[in-house]
Amino acid sequence: MTAMNFRDEHALKGAFVSNKLLRLVDLIADQGDDLLCEAGITIPSRAVGCTLFIGDTGQVSLTDVAKALDEPHQLSAQRVESLIQLGLLERRDDPKDRRRKVLRLTKNGKVQYQRLRVRLAEIEQAFTDLYAEIDHDLSAILDRAIDALYRTPLLERIRKQATQTALPSKNPKAG
6 MTAMNFRDEH
16 ALKGAFVSNK
26 LLRLVDLIAD
36 QGDDLLCEAG
46 ITIPSRAVGC
56 TLFIGDTGQV
66 SLTDVAKALD
76 EPHQLSAQRV
86 ESLIQLGLLE
96 RRDDPKDRRR
106 KVLRLTKNGK
116 VQYQRLRVRL
126 AEIEQAFTDL
136 YAEIDHDLSA
146 ILDRAIDALY
156 RTPLLERIRK
166 QATQTALPSK
176 NPKAG
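Structure representation (structure tokens):
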């Protein structure tokens, strides 16, 4: 690995998995921006999931987006606002409930959505090639790691390890 930092070289580097994952996310997002730009897609890479969900669903609320993407409402709101500013989304009154606002793709948003679907299929194949190169399905490994950490959080693992390595404290009285 060429991108080394203090954490990568430290004796306790195994404790910094989250840092490596964040760097991987940033690397993929940066390369994702290039992939999208090269395909004539103006959707920011970090708003791809939002755009895909709205395009697949047709008309949704901001709450629907946040729930579907399992992300904080505020984060979804920021992504939606950026897509509105780019002219890819529009916000309208819900015809069934005037108190509710719905989001849908604009005409340009629909064009971008179609390009996005084509590019995502290519990206999926690129990841399949990457998994073959590294001899691991990274997506499946991450799913397993997430599930395992939900079952047994890190703190519980540390406490369990401490319990297993602790020696019973027996103080025999001298007699």
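All residue numbers for the sequence shown refer to the working numbering, where the first residue is 6 and numbers rise by one.
We put the CB at the ideal spot given by N, CA and C, even for glycine.
Computed from a predicted model, the values in this text were never measured in an experiment.
Asked: According to DSSP, residues forming a beta bridge with V228; Found: The question about residue 228 has no answer here: the residues shown for the chain are numbered 6 through 180.
Asked: Proximity winner among T111, L67, I89 and R156, relative to Q79 (alpha-carbon distances); Found: L67
Asked: Per-residue burial, A71 [other beta carbons within 10 Å of its own, 16 or more giving buried]; Found: buried
Asked: Beta-bridge pairing of L94 - partner residues as DSSP gives them; Found: L110
Asked: Distance between beta carbons of V85 and L108, contact taken as under 8 Å; Found: 6 Å
Asked: Endpoints, alpha helix (DSSP H) assigned at G37; Found: V22 to E43
Asked: Nearest residue (CA-CA) to L57, options A171, L154, L74 and K112; Found: L74
Asked: With 16 other Cβ atoms within 10 Å as the buried cut-off, status of V53; Found: buried
Asked: Cβ contact (3+ pairs, closer than 8 Å) linking the stretch 31-42 and the stretch 89-97; Found: no
Asked: Contact check, L93 vs G63, beta carbons under 8 Å; Found: no
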